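Residue numbers (our numbering), protein chains in the order written: chain E, 69 to 646; chain R, 395 to 686. C-beta atoms are modelled at their ideal positions from N, C-alpha and C, and glycine is treated no differently. Source: prediction; values computed, not measured. Structure, as structure tokens:
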């Protein structure tokens, strides 16, 4: 019988799937749920050595002889410290030692809790990988435990063979009452040494595939573009992207807008059977709606460095190669054609999105700006509305898009933009909010050091952090602009004097129309166009846009539930709906 | 730099020093004499034991203890120094490295709050810090660079030849700090001095996996840091160990015999005794009185 301690069950299932069968056990209570479970399972081969230091060295000799990973297990506290000498040697000599260190609850550590030390990453400097697995209390814990253990095992021999540590918490030792433990999700990494492309293609046959393109700044994109296009044409694939994928086609879908309006039921309908991702960072808020476990799809990720990214909670395969190679292999000798059935579900939903007439706001300004950005430019958008709203509009495929969506900070957007502009002759546009601009004002002093003189800065100044007006609004927090949204009265025009930049401004649609033309036109010097809007209005317009684009049936259902009948009639009139 | 730190300790009237045998053999003779003349010195073979011992001394005397060790074996202090951290013991470790890039001690930061690495030869700018460490009732670590005497390699060619003449299939031979290459049926696995801890344990693990006879040749002093492994369930006729005892006085043989291992002794190894040892259908240890 196996233990009912859940994180230990996950560990055992994955040990078996990764074919790690050798154990050198030292006595203890904390590791008993693991040890008794495996000693009864004929898959595992167990040894017993009391002194953990000797046990780890014994395991080292075993592993060296077998050229296989060997686990060592012990109880909590200084028992785990005794592994250190062998871990160091294993690291230096590329031997696959697996230190399974059992641990107590972490909260009472150092507060009179017996036999308890900080075991998290305790072999730092001499370990390939180290994870800390909590006791499982909910689904998030379970996913985290599964993912982390997978990551750890994958690092036993990725790039270099060496030791790993899995520290797992066992607050109480449970019971041995489980006949069969469930088979856990395993993540497999494929590279040129173990990939069978034929098998991969078989797995994709007749499946609904969603190709999700993430950030890609590679200048040599053409081969990848062509390969993805052909893949799209040959498989039942839908391709979604955000602007920073820099991979566009009229048939692909920028589904970023879905992140703010999609319901759970719709997400289920749109979910694929296999999701394929590639790219450095994934901006699109769509990712918040897709969950591989709930919607029952597999996630495959392509990354040159073989990094594990389990954003959809059901990653099963990592392809350690360039994306262009993956798609090149997938299109070889394949004669099927995309029947577009799956894609139609996406396109139908996208076609239902209406923008309508917009009052003068950051939304309308960005709409107008996106319409006129000259081809073959570069565009950097700052966090957050600039990024969000530009992704609602079509940007010509010749325009290279950038944003600091790795960590979504408002710091450094201006500096980053100058760096990007400095390495190109193209016209360079920065779309930025007032707070982000003022934050990175030091960058202003470098504008004239940049070789590229075709710099254009469009600042949408609503005198505060508009995101907070969207999240809270003045009606909820009347003092919003005091600290949270950091309201200000700064005259941005005065900053342009620092570096000989031409200044334009607009506070209404008419002025914007005039100055936008100048802004995108030729100029001897960089131009800064400041557009003034109102933060609360901006927030309202954005929310109205979302509300009007939420699925009508669900919207109606919600309204009917919330409002009395007499108000529903009034609302119908207002919306002019039958 | 070691002498300069020792001078500071003398000035501070620190008396108790614990060190390992290997460090005393590796440092300059004059530094060794200086330590012997100015401190109450305790010598331990096993660094793990040395750390716990130091903790014990501090518990008892309430005075600082200095532990002088080879930096490459620092991992062996981990468990003892963690206990010392809990007990707020004033153990000050002088850890000697041959190269700066060997100094990787982040894992110790969680149990040694005061860590100093000295990169140059001047002591004055470090004096206050070192005194602070000594006055602080917590473990401390000072890493320094020092040119240590190299351990001489040994030559076991004669044993290799003897073995080669009697075996028909390939045999793995683990040798500590050996200078010769593999030959014929003999596959030599050289054990570098930096991996001297756990030699017996590693060997036992290896032959458990391989399930065939393998030879281990090692000096007696390394027995003293891996003794307890003889008490394991996996000892069988594949265990063949040759130990060069030299001038060692300890008598560990009884302990080895108690664990169902046959002991053979000889002043000098020859073909007759070697064959008897190798062909014995039992775990066997051949103790050679000759010094290597």
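Taking 9 Å as the Cβ-Cβ cut-off, the stretch 137-149 of chain E approaches chain R at 138, 145, 146, 147, 148, 149, given in chain order. Close to residue 477 of chain R, with beta-carbon spacing below 8 Å, are these residues of chain E in chain order: 146. Inside the stretch 158-186 of chain E, DSSP marks whole beta strand (DSSP E) runs of 3 or more residues at positions 165-171, from first to last along the chain. A Cβ-Cβ separation of about 6 Å places residue 234 of chain E in contact with residue 217 of chain E under the 8 Å criterion. Counting along the chain, the unbroken beta strand (DSSP E) around residue 113 of chain E starts and ends at 113-116. For a Cβ distance threshold of 7 Å, residue set 146, 149, 150 of chain E lies close to residue 473 of chain R, ordered along the chain. Secondary structure at residue 437 of chain R: strand, using DSSP grouped into helix, strand and coil. Between residue 152 of chain E and residue 472 of chain R the beta-carbon gap is near 4 Å, inside 8 Å, which marks them as a contact. Residue 418 of chain E places its beta carbon less than 8 Å from that of residue 323 of chain E.
Here DSSP, grouped into helix, strand and coil, assigns residue 584 of chain R to strand. Taking the CA atoms as reference points, residue 580 of chain R sits about 44 Å from residue 430 of chain R. For residue 573 of chain E, the enclosing beta strand (DSSP E) begins and ends at 570-574. Taking a Cβ-Cβ threshold of 8 Å, the residues of chain R close to residue 156 of chain E are 469, in chain order.
Relative to the Cα of residue 161 of chain E, the nearest Cα in the group E/195, E/143, E/148 belongs to E/195. Listed along chain E are 115, 116, 117, 118, 122, 126, each with a C-beta nearer than 9 Å to that of residue 626 of chain R. Check the Cα spacing between residue 226 of chain E and each of E/585, E/408, E/236, E/260: the tightest is with E/260.
Proximity of the stretch 242-258 of chain E to the stretch 431-446 of chain E falls short of the contact definition, fewer than three beta-carbon pairs being nearer than 8 Å.
Interface with chain R (8 Å Cβ-Cβ cutoff): residue 190 of chain E is included.
Here residue 301 of chain E is not near residue 444 of chain E, since their CB atoms are 8 Å or more apart. Residue 93 of chain E has a beta carbon lying at 8 Å or more from every beta carbon in chain R. When DSSP states are grouped into helix, strand and coil, residue 445 of chain E belongs to the coil group. Interface criterion not met: the Cβ of residue 99 of chain E is under 8 Å from no Cβ in chain R. By the CB criterion at 8 Å, residue 340 of chain E and residue 276 of chain E fall inside the cutoff.
The stretch 481-491 of chain R and the stretch 524-533 of chain R touch, with no fewer than 3 CB-CB distances between them shorter than 8 Å. Considering only beta carbons, the part of the stretch 582-603 of chain R lying closer than 7 Å to chain E consists of 589, 591, 592, 595, 596, 597, 598, 599, 600, 602, 603, in chain order. Around residue 220 of chain E, no beta-carbon contact reaches into chain R at under 9 Å, the shortest distance being about 17 Å.
Per DSSP, reduced to three states, the secondary structure at residue 281 of chain E is strand. Between residue 624 of chain R and residue 649 of chain R, the C-beta spacing is below 8 Å. Three or more beta-carbon pairs separated by less than 8 Å are not found between the stretch 584-602 of chain E and the stretch 298-317 of chain E, which leaves the two stretches without contact.
Its chain contains 671, 680 as the residues whose beta carbon lies nearer than 6 Å to that of residue 658 of chain R, once the 5 sequence neighbours on both sides are disregarded; these appear in chain order. Taking C-beta atoms under 8 Å as the contact rule, residue 477 of chain E and residue 515 of chain E fail to qualify, at a distance of about 21 Å. Apart from the 5 residues on each side of it in sequence, residue 138 of chain E sits with its Cβ closer than 6 Å to the Cβ of 90, 127, 130, 131 in its chain, given in chain order.
Assignment of beta strand (DSSP E) within the stretch 205-239 of chain E, counting only whole runs of 3 or more residues, yields 232-237 in chain order. Distance from the CA of residue 282 of chain E to the CA of residue 346 of chain E, rounded to the nearest whole angstrom, comes to 6 Å. Rounded to the nearest angstrom, the gap between the Cα atoms of residue 610 of chain R and residue 504 of chain R is 37 Å. According to the DSSP assignment, residue 414 of chain R belongs to the beta strand (DSSP E) that extends over 410-414.
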